[in-house]
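*Asks:*
Numbering (the numbering used here), first residue to last: 3 to 132.
#1: With residue 7 and residue 67 assumed to form a contact (beta carbons below 8 Å), what rounded beta-carbon distance in angstroms separates them?
#2: Would you kindly check if the distance between the Cβ of residue 58 and the Cβ of residue 13 is under 8 Å?
#3: Is residue 65 near the ligand NAP, in the sense that its beta carbon is under 7 Å from a heavy atom of that ligand?
#4: Return yes when the Cβ of residue 64 is within less than 8 Å of the Cβ of residue 11, no when it is not.
#5: Do you know offhand how far residue 21's Cα is from residue 72's?
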């Protein structure tokens, strides 16, 4: 569904760019051409301005639909206050959920726990002679 609306949205954008570029501006623009066309200059101006208005309305509606559809199944989430089983630092010691104080107190306690734990070697060690 979203892919179909995106394709329609992009087609509207491409046609609207062309319609805007074909309109006659004060300086001439791309709309200046010979007077021998299938319509008079007044009829062409009315047709192009109506076409641009319709395309702009279509662009607006597809934009609103795409923004609504993007947020339709989105569930609110928070990174603060998740259970301790989901949040674990690289050291393997789980950070407990704050019971009192704020997030800074919890981070300080976790840092103290990591400093007290014996540090495991991070990689291969050079053999030491005795």
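The beta carbon of each residue, even a glycine, is placed where N, CA and C say it ideally should be.
All figures in this text were calculated on a predicted structure; none of them were measured in a lab.
*Replies:* Reading off the structure:
#1: Locating residue 7 in the chain shown gives position 5, where the first residue counts as 1. Locating residue 67 in the chain shown gives position 65, where the first residue counts as 1. Cβ atoms of residue 7 and residue 67 come within 8 Å of each other, at about 6 Å.
#2: Along the chain shown, one-based indexing puts residue 13 at 11. Along the chain shown, one-based indexing puts residue 58 at 56. The Cβ atoms of residue 13 and residue 58 do not sit closer than 8 Å to each other.
#3: The ligand NAP is absent from the structure shown, which contains no ligands of any kind.
#4: By 1-based counting over the chain shown, the position of residue 11 is 9. By 1-based counting over the chain shown, the position of residue 64 is 62. Yes, they are a contact pair.
#5: The residue labelled residue 21 in the question sits at position 19 within the chain shown. The residue labelled residue 72 in the question sits at position 70 within the chain shown. Roughly 29 Å separates the two Cα atoms.
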